[in-house]
Structures are given as C-alpha cells and as structure tokens.
Amino acid sequence: MDRELGTAVENAVIDMYARCGMLAKAKSVFSKLKVRDRVSWNALIAGHVEQEQGKKALILYKQMRTHGVSPDVITYTCALRACGTIGAIDEGIQIHNELKESGIGKNDVFIGSALVDMYSKCGALVKADEVFNQLPSPDALTWTTLITGYAQQAEIDIALSYFDRMRKAGVKPDQITFLSVLTACNHAGLVDKGEQYYEVMWTDYGLSPSIKHHSCLVDLLGQAGQLDRLMTIMNKTPFQPTMVMWLNVMTACRKWGDVHLGRQAFEQAIRLDSTESAAYVCVANIYADAGMYENAKEIEWMIMTE
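First residue of the sequence shown: 1, per full-length UniProt numbering; consecutive thereafter.
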C-alpha cells in the first residue's frame with residue numbers, strides 16, 4: 001500500500017512538472033522511480049507532446065512498449081498527436097494498426113479526433129475522411145480538426161462544406177472552428193462568405209469574435225480592396241488593433257494605391273511601437289509605388305535615425 005501511495009505521489013509530481021514545461025525535472029523524477037507504471041509513462045509522454053517535442057514523445061512511447069507497459073487511450077492519443085506535430089505518417093499508421101488489432105479506443109471520440117488530427121496534419125486527408133466518417137458522433141473538436149486540415153491543404157470548398165455539415169448535424173462550432181473557417185475564406189478571397197460567418201458567430205451562437213477573428217477579417221477585406229469596410233471593422237473592434245492588423249492595412253493600401261489611408265495606418269502603427277521597422281518599410285513602399293519619392297526618402301531617413 002505504501003509503495004502504491006509513493007508511486008501515485010511521484011506520478012503526480014511528474015505530471016505537475018510536465019504540465020509546467022519543466023521536462024528535465026519530470027525526467028529526473030521519472031528516472032528515479034522504482035516502479036514505472038502506465039501513469040508515469042503517460043505523464044512524461046503527454047508533457048513532451050504539450051511542449052511540441054513530438055520526436056522525443058514517440059521515443060518515450062517506443063521505450064514504454066519495450067518495457068512491457070501496455071498503452072491505453074491516453075497513451076495512444078498522445079502518441080498520435082506527436083505523429084501529427086512532426087508529420088510522422090508511417091508511425092501514425094503503425095499506431096492506427098495497433099489500435100485496430102487491440103480494439104482499444106474503438107468509437108472513442110478522443111482516439112477518433114487524434115487520428116483525424118494526425119492524418120490531416122500529415123496531409124493524408126482521404127484517410128482522415130475515412131476515420132471521421134466511421135465515428136458515430138463526432139464532437140466539435142473532431143469536426144474542427146477536419147475542417148482545419150482541409151483549410152490548411154487549400155481544399156477550401158471541402159472545408160466549408162464540412163462546416164455546413166457540422167451545423168446541420170447540430171454540433172455547435174466554437175471560436176477555433178470559426179477561426180479555421182475565416183482563415184479558409186481569407187485564403188480563397190471569399191469576402192461575402194467570410195463576413196457571413198463572422199456575423200453568424202455571435203448572431204447564431206453567441207460567440208464573441210476574438211482579436212484573431214478581427215485580424216483575419218481585416219486581412220480578407222484588405223486583400224479584396226474593401227478598405228472602407230475594413231476601417232469600419234477596425235473602428236468597431238472592442239480590442240486595440242495590433243501591429244499585425246495595421247501592417248495588413250498598409251499592405252492592402254499599397255496593393256490598392258490608397259496613400260492617404262496608408263499614412264493613417266502608419267501613424268497608428270508607430271504609436272504602438274515606433275521602432276517597428278516593418279511599418280516604415282510598408283509606408284515607404286506605398287509612397288514609392290505612388291511616385292512620391294520625396295516622401296519615401298523622408299521615411300528612409302526616419303528609419304536610419306531610429
């Protein structure tokens with residue numbers, strides 16, 4: 001009983017260190033354990049996955065198997081996530097085969113989501129589709145994972161069709177889902193759809209757009225040349241516009257030749273950070289493209305004196 005209690009306490013310490021990103025300390029405690037059970041291994045593997053050290057996480061997973069410790073749903077979920085972070089499709093397929101043979105996690109939403117995530121991140125969208133369509137009741141995370149996967153592979157129409165299917169299935173999208181959808185619209189230049197989904201966030205689901213959603217919409221409108229609408233969004237945002245947002249505005253102004261708005265955006269940008277060289281370069285390019293070379297030289301002089 002005392003040994004079991006001691007192992008439980010040590011496992012809790014490993015988990016605490018791992019969750020805090022203190023992997024060296026977690027390994028130190030782990031290496032001194034007399035009994036390394038499944039919980040011990042899972043804590044260390046999960047910690048490496050959380051710190052985006054997928055390669056080391058997979059090494060630990062293989063060591064766990066070598067030591068004769070049987071994996072469970074948590075182990076497999078972490079190992080699959082590790083495969084996704086480093087694009088290790090071969091290892092991911094091997095783990096998937098192990099799952100099929102063992103029967104562990106059959107119809108489990110966490111395993112299903114991890115498989116969809118792994119295949120999506122590795123670019124194997126057909127396999128991700130197969131896994132997804134075999135799940136009895138995909139949750140919001142699984143839907144979002146697949147939508148994000150298609151969006152990242154520039155399969156915009158499929159990504160948006162899955163989003164529509166998700167809504168029809170009665171699964172509530174979250175902020176991450178909408179960010180993936182807006183990003184997809186941004187990549188494809190789908191202004192009307194982007195604005196529609198942006199409004200649906202709060203009208204249909206009561207979700208408040210974050211600064212990332214605002215930034216994505218600003219970039220979309222800017223690339224489409226809808227600068228008036230863009231500034232309306234900028235002025236209405238409950239957040240202070242970020243440097244990235246102002247740089248996006250300046251990029252759009254250069255593309256569409258709006259010198260006046262470009263200068264305004266520059267002034268706002270240097271109020272945030274007067275040392276941001278990208279802001280000076282952007283506005284200098286706006287002036288140069290407009291043939292306003294004296295103004296461009298003035299900005300170049302400002303860069304040299306900063």
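Here a beta-carbon is modelled for each residue, glycine too, at the ideal position from N, C-alpha and C.
- If only complete runs of 4 or more residues are kept, the segment 180-261 shows the alpha helix (DSSP H) at 191-205, 211-223, 227-236, 243-256, in order along the chain.
- Contact between the segment 164-176 and the segment 187-196 is absent: fewer than 3 CB-CB pairs across the two stretches fall below 8 Å.
- Counted as a single uninterrupted DSSP element, the alpha helix (DSSP H) harbouring Leu80 occupies residues 73-86.
- With respect to the C-alpha of Leu247, the residue from Ala279, Ser120, Glu294, Val181 having the closest C-alpha is Ala279.
- In terms of Cα proximity to Ser137, the closest of Lys55, Ala288, Gly112 is Gly112.
- Non-local beta-carbon contacts of Asp72 in its own chain, meaning distances under 8 Å to residues more than five positions away in sequence, involve Arg38, Asn42, Ile104 in chain order.
- Counting the other CB atoms within 10 Å of its CB gives Asn235 a total below 16, which places it among the exposed residues.
- In this structure Leu207 is not in contact with Leu221, their Cβ atoms being roughly 20 Å apart against a cut-off of 8 Å.
- Here Ala159 has Ile147, Tyr150, Ala151, Ala184 as same chain residues with Cβ atoms under 6 Å from its own Cβ, once five neighbours each way along the sequence are excluded.
- Contact check for Val49 and Arg81: beta-carbon distance about 5 Å, within the 8 Å limit, so the pair qualifies.
- DSSP, read as helix, strand or coil, puts Glu267 in helix.
- Judged by DSSP secondary structure, Ile93 falls within the alpha helix (DSSP H) whose first and last residues are 89-102.
- Between Val259 and Ala290 a beta carbon distance of about 5 Å is seen, short of the 8 Å cut, so the two are scored as contacting.
- A Cβ-Cβ distance of about 5 Å is found for the pair Ile45 and Leu60, placing them in contact under the 8 Å criterion.
- For the UniProt repeat "PPR" (139-173), the continuous alpha helix (DSSP H) assignments of 4+ residues that do not extend past its boundaries occur at 140-152, 156-168, in sequence order.
- Apart from the 5 residues on each side of it in sequence, Asn107 sits with its Cβ closer than 6 Å to the Cβ of Pro136 in its chain, given in chain order.
- In the structure shown, the three-state DSSP call for Gly291 is coil.
- When the five nearest sequence neighbours on each side are left out, the beta carbons in the same chain lying within less than 7 Å of the beta carbon of Met243 are those of Ala269, Leu272, Asp273, Glu276, in order along the chain.
- One Cα belongs to Ile286, the other to Ala24, and the distance between them is close to 49 Å.
- Sequence-distant Cβ neighbours of Asp219 in its own chain, meaning closer than 7 Å and more than five residues away, are Asn186, Asn248.
- In the three-state reduction of the DSSP assignment, Asp129 falls in the helix class.
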